[in-house]
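Have a look at the structure below, then the notes.
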Amino acid sequence: NAGVMQNPRHLVRRRGQEARLRCSPMKGHSHVYWYRQLPEEGLKFMVYLQKENIIDESGMPKERFSAEFPKEGPSILRIQQVVRGDSAAYFCASSPWTAAGGELFFGEGSRLTVL
Amino acid sequence: SQQGEEDPQALSIQEGENATMNCSYKTSINNLQWYRQNSGRGLVHLILIRSNEREKHSGRLRVTLDTSKKSSSLLITASRAADTASYFCATDYLRDNYGQNFVFGPGTRLSVLP
């Protein structure tokens, strides 16, 4: 059973370009979370999705950032017109949500560098 | 806001010693979890303690939870150089309508010196 798969692992973009980060959750997991991490810092929540539905996007900037988790295919975090401040590691995690709660399973992250 | 805060921010110990990290949070929780992150890697789940539990063990890990003080501690006994990593606590709580939120603290960077 493959774990959470993120790609690309490393992405370099120039200011003003678009960045697309993809995440395939673990098999059977229908909930996906995206977090952002700056060097030597903790994880900052961005968005929480279920298939075809955004449950909570309160941590995601209103402009330039969007996320989706279609019925078929991976979840995608899209950053338009990137700026240097977008440089960070972006982690995706999935969960087989139950009412009792559970753990998160993380991918290895996508490291975005904006030149 | 619901937020885990770990202390210390950084901890350096000798191999064989015990390492204790603490976490505080602000509001009621469903569970409290600890994760580990090696440099440049994703987070790995270590242990989950439910809000109605007070202590839990897993191998060399011991976690306590005090809901009256809204705090938790992670103890790693007989540390090894391979335990060098960042450790994060995460509080999770059920949303009013649907789903589960997780909030991570800033982490404790543990260095175990050989």
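Here the protein sequences come in this chain order: Y and S.
Per my numbering, the first sequence runs over residues 1 to 115.
Per my numbering, the second sequence runs over residues 1001 to 1114.
Heads up, the beta-carbon is just placed ideally off N, CA and C, and yes, glycines get one too.
Using a C-beta cut-off of 8 angstroms, the region 1099-1114 of chain S makes contact with the region 1074-1086 of chain S, since at least three inter-stretch Cβ pairs fall below that distance. Contact with chain Y is absent for S:H1057, since none of that chain's Cβ atoms lies less than 9 angstroms from the residue's Cβ.
Interface annotation, S:L1048: in contact with chain Y, CB-CB separation under 9 angstroms.
One alpha carbon belongs to S:R1060, the other to S:L1075, and they sit about 8 angstroms apart. Taking all protein chains in view, the Cβ of Y:P8 is surrounded by fewer than 16 other Cβ atoms within 10 Å, so the residue is classified as exposed. DSSP, read as helix, strand or coil, puts Y:D86 in helix. Listed in chain order, the beta strand (DSSP E) elements of length 3 or more contained wholly in the region 1011-1084 of chain S are 1019-1024, 1031-1037, 1043-1050, 1055-1058, 1061-1066, 1071-1076. Within the same chain, Y35, R36, Q37, F91 come within 8 angstroms of Y:L43 by CB-CB distance, once the 5 residues on both sides are set aside. Taking the beta carbon of Y:D56 as reference, the chain S residues within 9 angstroms of it are R1095, G1099, N1101, listed in sequence order. Here the C-alpha atom of Y:V82 lies approximately 45 angstroms from the C-alpha atom of S:N1052.
The alpha-carbon of Y:E18 is positioned some 6 angstroms away from that of Y:I79. If you draw a straight line from the Cα of Y:G107 to the Cα of S:I1013, it comes to about 29 angstroms. Judged by beta-carbon spacing, S:W1034 lies within the 9 angstroms limit of S:Y1087, meaning their Cβ atoms are closer than that value. At a cut-off of 9 angstroms between beta carbons, Y:S95 contacts chain S. Unbroken beta strand (DSSP E) runs of no fewer than 3 residues, entirely contained in the region 18-67 of chain Y, are found at 19-24, 31-37, 43-50, 53-56, following chain order. DSSP places Y:V114 within a strand segment (E or B) once states are collapsed to three.
Annotated three-state conformation of S:V1112 is strand, per DSSP. Around the C-beta of S:Y1098, fewer than 16 other C-beta atoms lie within 10 Å, and the residue is accordingly described as exposed. Within the region 1011-1022 of chain S, contact with chain Y at the beta-carbon level (separation under 9 angstroms) is assigned to no residue. At a cut-off of 9 angstroms, the C-beta of S:L1075 has no neighbouring C-beta in chain Y.
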